[in-house]
Amino acid sequence: MTTATRTLILLLGSLLAGTPALSQSKAGTTIGNFLMIEPSAQVAAMGNAGATALDGAMAAYYNPGALGRLPQSSAQFTHSPWLADIQYNYAAIAVKLGPNALLLSVTALDSGDMDVRTVDQPGGTGEQFSVNDLSLGLGYGRQITDRFSAGVQVKYIQETIWHSQLSAVGLDVGVIYELPFRAYLGASISNFGSRGSYDGRDLRIRFDQNTGTFGDNSNLPAALETEDYPLPIFFRVGVGVPVQIGADSRVMVVADAYQPSDNTNSVSLGAEWSYADLLFLRGGYENLFQEDAEGGLTLGGGLRYKLSGFGLGFDYAWGDHGLLGSTQRFTLGFGF
Numbered sequence: 208m209t210t211a212t213r214t215l216i217l218l219l220g221s222l223l224a225g226t227p228a229l230s231q232s233k234a235g236t237t238i239g240n241f242l243m244i245e246p247s248a249q250v251a252a253m254g255n256a257g258a259t260a261l262d263g264a265m266a267a268y269y270n271p272g273a274l275g276r277l278p279q280s281s282a283q284f285t286h287s288p289w290l291a292d293i294q295y296n297y298a299a300i301a302v303k304l305g306p307n308a309l310l311l312s313v314t315a316l317d318s319g320d321m322d323v324r325t326v327d328q329p330g331g332t333g334e335q336f337s338v339n340d341l342s343l344g345l346g347y348g349r350q351i352t353d354r355f356s357a358g359v360q361v362k363y364i365q366e367t368i369w370h371s372q373l374s375a376v377g378l379d380v381g382v383i384y385e386l387p388f389r390a391y392l393g394a395s396i397s398n399f400g401s402r403g404s405y406d407g408r409d410l411r412i413r414f415d416q417n418t419g420t421f422g423d424n425s426n427l428p429a430a431l432e433t434e435d436y437p438l439p440i441f442f443r444v445g446v447g448v449p450v451q452i453g454a455d456s457r458v459m460v461v462a463d464a465y466q467p468s469d470n471t472n473s474v475s476l477g478a479e480w481s482y483a484d485l486l487f488l489r490g491g492y493e494n495l496f497q498e499d500a501e502g503g504l505t506l507g508g509g510l511r512y513k514l515s516g517f518g519l520g521f522d523y524a525w526g527d528h529g530l531l532g533s534t535q536r537f538t539l540g541f542g543f
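Just remember that our numbering sits 207 ahead of the position in the sequence shown, which is counted from 1.
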């Protein structure tokens, strides 16, 4: 057994050991859960194990430290027809400036129009409403040494439900380290930031302060006050190992361990086979050991074309979500 193989086994063992069998789920206790939708079709097809992803601007979503290791500037866009007819879009552009890189990212989620239903009118009032989520991010990364890179991203988050909305600010921080035998270690923390509560005209009401008193004003203007909730903080640590098979073929094996603030811990595994940096086939499994997990098998592939320093790429991913159905992601990328 080689030193590289022994080290890889120890790393994977530490990831699994760091995921306790008994942990508490706090599902539904955070805001901004659209931030947990992983954008990259490439990484999604590999079980969403992206702590050591290095390809393209979207790698910064999983680990801002990837910005310091980008081979060139990159722009990527993802569209996903998400669960329950929700539309998800993500765009990112990273500009490489020597050992530094700057990032701009935009996340948008749209529920589409839904009927307004009340207790008195369960069949609908004739009105419609929608839920819209938006995140704007600015990031910076730097390759500090030939093996170590670090990065940070600041995000403004806004959620809108009909005529009410909340806002918050989140911070992502990550690092990537290249081991001597060409494996990669990555760690990041996402969405560390402020709390948010809803406000808007949907919460404006008319109030009778003394319902048992006649002659007072029974139509006072008032407002409902909602509690504030935190963003879903998300810690991930992972390992990626490329294995060369012949002159033109390579396999990348990845594994991530996750510790979210609003759910139980889990592990995700994935692999990518590539031929001549042109054709890519991918597979993985996500949310292993997570309590009541609906995610599971992931599959996908991609194509790359490079000409005179420019690159064009297309990636596709399919993911199983159990009783909820399945999702697809389509990512278009451009390197320059």
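We treat Cβ as the ideally placed atom computed from N, Cα and C, and that holds for glycine.
If you draw a 10 Å sphere on the C-beta of N270, you find 16 or more other C-beta atoms in it, and that means buried. Per DSSP, the unbroken beta strand (DSSP E) holding Q372 starts and ends at S371 to E385. Residue pairing of V302 in beta bridges, as defined by DSSP: L309. Rounded to whole angstroms, the Cβ separation of Q283 and L514 is 18 Å, and the two are not in contact under 8 Å. Around the beta-carbon of P278, fewer than 16 other beta-carbon atoms lie within 10 Å, marking it exposed. Taking the C-beta atoms as reference points, I368 is found no nearer than 8 Å to S342.
If you look at Q249, you'll find it in the alpha helix (DSSP H) that goes A248 to A251. E498 sits away from N255, with the two beta carbons spaced by 8 Å or more. Distance check between L476 and each of F496, N470, F487 and S287 places F496 closest, using alpha-carbon atoms only.
Counted as a single uninterrupted DSSP element, the stretch harbouring A260 is not any beta strand (DSSP E), since DSSP gives it neither H nor E. Beta-bridge partners of L392 (DSSP): Y384 and V446. For L316 against F241, the beta-carbon gap comes to about 4 Å, under 8 Å, which counts as contact. The way I'd put it, the segment 377-396 does touch the segment 447-463; three or more beta-carbon pairs between them come closer than 8 Å. With a beta-carbon spacing of about 11 Å, L510 and G518 fall beyond the 8 Å limit used to define contacts. R402 is a Cβ neighbour of P437, given a cutoff of 8 Å.
Going by beta carbons, S312 and T285 fall outside the 8 Å limit.
Residue pairing from DSSP places W525 in a beta bridge opposite L506 and Q535. In the structure shown, the three-state DSSP call for F241 is helix. Under the DSSP assignment, R413 falls in the beta strand (DSSP E) whose first and last residues are R411 to F414.
Taking a contact as a CB-CB distance under 8 Å, the pair G381 and G272 counts as one, their CB atoms being some 4 Å apart.
By the Cβ neighbour-count rule, T471 is buried, with 16 or more other Cβ atoms within 10 Å of its own. Where D340 is concerned, the enclosing beta strand (DSSP E) starts and stops at V338 to Q350. When the five nearest sequence neighbours on each side are left out, the beta carbons in the same chain lying within less than 6 Å of the beta carbon of S318 are those of I293, S337 and V338, in order along the chain. Cβ contact annotation for G407 (same chain, cutoff 7 Å, sequence separation greater than five): H370, S371 and Q372, in chain order.
Around the Cβ of Y482, a 10 Å sphere holds fewer than 16 other Cβ atoms; the residue is exposed. S456 sits away from D435, with the two beta carbons spaced by 8 Å or more. Secondary structure within the segment 464-495: the beta strand (DSSP E) runs of 3 or more consecutive residues, fully enclosed, are 473-482 and 486-495 (chain order).
A residue is called buried once 16 or more other Cβ atoms fall within 10 Å of its Cβ, and P288, having fewer, is exposed. For Q283, the enclosing beta strand (DSSP E) begins and ends at S281 to P288.
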